[in-house]
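Peer 1: Here this note's numbering is used: position 151 in the sequence shown is 137, and no number is missing along the way.
Don't be surprised by glycine CBs; every beta carbon is placed ideally from N, CA and C.
Got a structure for you, written out below as structure tokens; questions coming shortly.
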Amino acid sequence: MWNLAHSRSRFYVDCMRPEENFWKTLFTEADKLHLVSDAKYAEFLSWKPRQSNCPELEQVAKRLTDLAPIEWRATMKNIFVARAFKGDVNAEASSFRSAGIIELNYGLTTAAMIYSSLFCQFYDSIWTTAKEVDFTNENLDDITQMILDEISRSAVEPILVAEQSTRTWAKERNVYVIHPLLAELPSRRKDEDYHKLVTATEMFVVAHEFCHHLIGHTADYFRHAPKVKTMVGEWLTRIDAEDTLSGLNKSQIAEVESDVGAFLLLSGAFSNNISLPRIYSAVCGSMLALVSLAHVNDTWTSTAEGSHPDFLVRYDLIARMIREVSMEIPLSKDGHPVGFLIQFRGFISAILQAWISNGKGEIQMPNFLDIFSWMIDLEAEFKEEHQLYNQD
Ligand SMILES: [Zn+2]
């Protein structure tokens, strides 16, 4: 069985550091000793690790534990959740005799920050377009055209810049070099919204790693593991995942189980506590996490023999989960989880087009207006489908 004190000391022994705040380790390793000795940061840096080496992740672990059924909580509380800055830009769950550990690489968080900022820009462009462009006028006049060009530039250009920096990221194994375009938040967007997106992304990634432990992928200590695996299996049946699963290897199936488990945990489904805000947070956390992972590891498509399924497989299954948990939620003027998913589909399609067209001249760069009108079609289709579904 895992024991928190053992989990924590195992992590620190492995990384050969005293039990201290992650930020202190980071500043020290980066030779920023003036920050370590600055009185301004003294209180923050002297924070004592308990379940995590980082104050923010300790909160993430607590929130996830609160979302789980009561009988899982004692086990979750004994797992140490760490921010790490060495190794692959990824996240992992590991288990030793009495130590359960989750590690989240800081490079992945940096990628999540970049994608959260890109999504804010894309989302704002959609709203501007919806409000300011009159599509009933067949011959768009010059001013409308100028607005569209500007929107297209602000929505798509940062995505192109992000795409072009992938190679540097992959080579240097870090994502610290940020183009000014990527660091800039749209003016209307509050910092708070952006932080919510980053936190939701980290919550999904940590929830995914918790699920590796809880489903029994890392060890067979957890008494309820067979039950968790069965619950995840039932949802995989509900979304007709058999065909997809039959094409995956054992390790890839474990990844899919943890993805679905993470989505169920975040949306409150595991503890029969589904709510609209939780579903929204699960939608944006899962989408931004899958995009960030695919980007830093370049796993958008075709990794048949890899340990993880490619982005398209993981995205498709989560998209089906989003529909499955929210089809009965009424449409309202404030939106619907599937509407939110459609916005991510547009965003992801722009990213994928940028990825495909990078360095290969014959494929078109993403065009914002095409993506926007495609999203309007998807919305209309969904409204019809939703009506039919809720009729019978
Ligand atoms: Zn995994």
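Could you check whether V218 and I201 sit closer than 8 Å to each other, using their CB atoms as the reference points?
Peer 2: In this structure, V218 lies closer than 8 Å to I201 by Cβ.
Peer 1: Can you list, in chain order, the residues of its chain with a C-beta nearer than 8 Å to that of L251? Leave out the 5 residues immediately preceding and following it.
Peer 2: Within the same chain, Cβ atoms closer than 8 Å to the Cβ of L251 are found at L50, L53, A54, A193, F196 and C197, the five residues on either side in sequence being excluded.
Peer 1: When you measure from the CB of M272 to every non-hydrogen atom of ligand 1, does any distance come out below 7 Å?
Peer 2: Correcting the residue type first, residue 272 is Ser in the shown sequence and not Met. Closer than 7 Å to some heavy atom of ligand 1: that does not describe the Cβ of S272.
Peer 1: Looking at the structure shown, is A205 part of a helix, part of a strand, or coil, going by DSSP?
Peer 2: coil
Peer 1: Can you give, in chain order, each stretch of the alpha helix (DSSP H) that sits fully within the stretch 232 to 309 and has at least 4 residues?
Peer 2: 236 to 253 and 262 to 283
Peer 1: What residue range is occupied by the uninterrupted alpha helix (DSSP H) comprising I65?
Peer 2: Segment I65 to A70 is the beta strand (DSSP E) holding I65; no alpha helix (DSSP H) there.
Peer 1: Quick check on the burial criterion: 16 or more other C-beta atoms within 10 angstroms. Buried or exposed for D381?
Peer 2: With the chain covering -13 to 378 only, the question about residue 381 has no answer from this structure.
Peer 1: I'd like to confirm something about H198: is its beta-carbon nearer than 7 Å to some heavy atom of ligand 3, or not?
Peer 2: No copy of ligand 3 occurs in the structure displayed; its ligands are ligand 1 alone.
Peer 1: Is E158 buried or exposed, if buried means 16 or more other CB atoms sit within 10 Å of its CB?
Peer 2: Low confidence applies to E158: its pLDDT is 48, below 50, so where it sits in the model is not reliable, and the reading given next is rough at best. So E158 ends up on the exposed side.
Peer 1: Distance, Cα to Cα, V67 vs H(-8)?
Peer 2: 13 Å
Peer 1: Around the C-beta of G93, are 16 or more other C-beta atoms found within 10 angstroms, so that it is buried, or is it exposed?
Peer 2: buried
Peer 1: Here's a check: name, in chain order, each residue in its chain whose Cβ is nearer than 7 Å to the Cβ of N160, leaving out the five neighbours to either side.
Peer 2: At N160 the pLDDT is 44, less than 50, meaning the model places this residue with poor confidence; the figure from the coordinates comes in the next sentence. Correct list, in chain order: G93.
Peer 1: Any heavy atom of ligand 1 inside 7 Å of the beta-carbon of S244?
Peer 2: Because some heavy atom of ligand 1 lies under 7 Å away, the Cβ of S244 counts as near it: yes.
Peer 1: Closest to D296 by CA distance: which of A70, L276 and M307 is it?
Peer 2: L276
Peer 1: Is the closest heavy atom of ligand 1 to the C-beta of E188 under 7 Å?
Peer 2: no
Peer 1: Considering only C-alpha positions, which residue in the set E314, A305, N235 and P323 is nearest to I334?
Peer 2: Of E314, A305, N235 and P323, the residue nearest in Cα terms is A305.
Peer 1: Using 7 Å as the cut-off, classify the Cβ of E89 as near or not near the heavy atoms of ligand 1, replying yes or no.
Peer 2: Relative to ligand 1, even the nearest heavy atom lies 7 Å or more away from the CB of E89.
Peer 1: Return the Cβ separation of Y207 and W(-12) in integer angstroms, given the expectation that the two are a contact with Cβ distance under 8 Å.
Peer 2: 7 Å
Peer 1: Taking all protein chains shown into account, decide if A79 is buried (16 or more other Cβ within 10 angstroms of its Cβ) or exposed.
Peer 2: buried
Peer 1: Less than 8 Å between the C-beta atoms of E365 and I328, yes or no?
Peer 2: Yes, the pair counts as a contact, with Cβ atoms nearer than the cut-off.
Peer 1: Suppose contacts are defined by Cβ-Cβ distances below 8 Å. Is V299 in contact with T223 by that definition?
Peer 2: no
Peer 1: Would you kindly report the start and end of the unbroken beta strand (DSSP E) that includes N91?
Peer 2: G86 to N91
Peer 1: How far does the beta strand (DSSP E) with S80 in it extend, from its first residue to its last?
Peer 2: Following the DSSP letters along the chain, one finds S80 inside the beta strand (DSSP E) bounded by residues A77 to S81.
Peer 1: Please report how far the alpha carbon of S253 lies from the alpha carbon of H20, in whole angstroms.
Peer 2: Each residue's Cα considered, the two are about 43 Å apart.
Peer 1: List the DSSP bridge partners of S38.
Peer 2: V67
Peer 1: Alpha helix (DSSP H) containing A211: first to last residue?
Peer 2: A211 to R224
Peer 1: If you run the structure through DSSP and keep just helix, strand and coil, what is V163?
Peer 2: Note that V163 has pLDDT 40, beneath the 50 cutoff, so the model's placement of it is unreliable and the number below is only indicative. Correct three-state label for V163: coil.
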